[in-house]
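The sequence shown begins at 416 in the numbering used here and counts up one residue at a time.
Note that beta-carbon positions come from the ideal geometry of N, C-alpha and C, so glycine has one too.
Everything numeric in this text was worked out from a predicted model, so none of it was measured.
Have a look at the structure below, then the notes.
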Amino acid sequence: MKCPICGRPRDQKYRPFCSKRCTDLDLARWLDGSYAIPDEGADTAENTPPTPVFRGDDV
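So, in structure tokens, the structure goes:
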């Protein structure tokens, strides 16, 4: 199998990557938002009722 970042052979120590560098690159992509999991069916402000802050606010 090949490293999903650079295509070199995988190293068992950094599986599924080939090196610490590729592992860190993958993490950086998650942290900066390059990768994202689609949020299907997300509630929007228009169809979500407000959450009461204090008791009695839901009246």
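Since residue i is in the alpha helix (DSSP H), which residue starts that stretch and which ends it?
i           : result
residue 451 : No alpha helix (DSSP H) holds residue 451; DSSP gives it neither H nor E.
residue 437 : 435-446
Can you determine whether any heavy atom of the ligand FAD sits closer than 7 Å to the C-beta of residue i, and answer yes or no?
i           : result
residue 446 : Summarising the ligand content, the structure contains no ligands, and the ligand FAD is consequently not present.
What residues in its chain sit with their C-beta under 7 Å from that of residue i, if we drop five residues either side in the sequence?
i           : result
residue 423 : 417 and 433
residue 485 : Examination of residue 485 is not possible in this model, given that the chain is present from 416 through 474 alone.
Excluding five sequence neighbours on each side, which residues of the same chain lie with their C-beta closer than 8 Å to the C-beta of residue i?
i           : result
residue 429 : 435, 437 and 438
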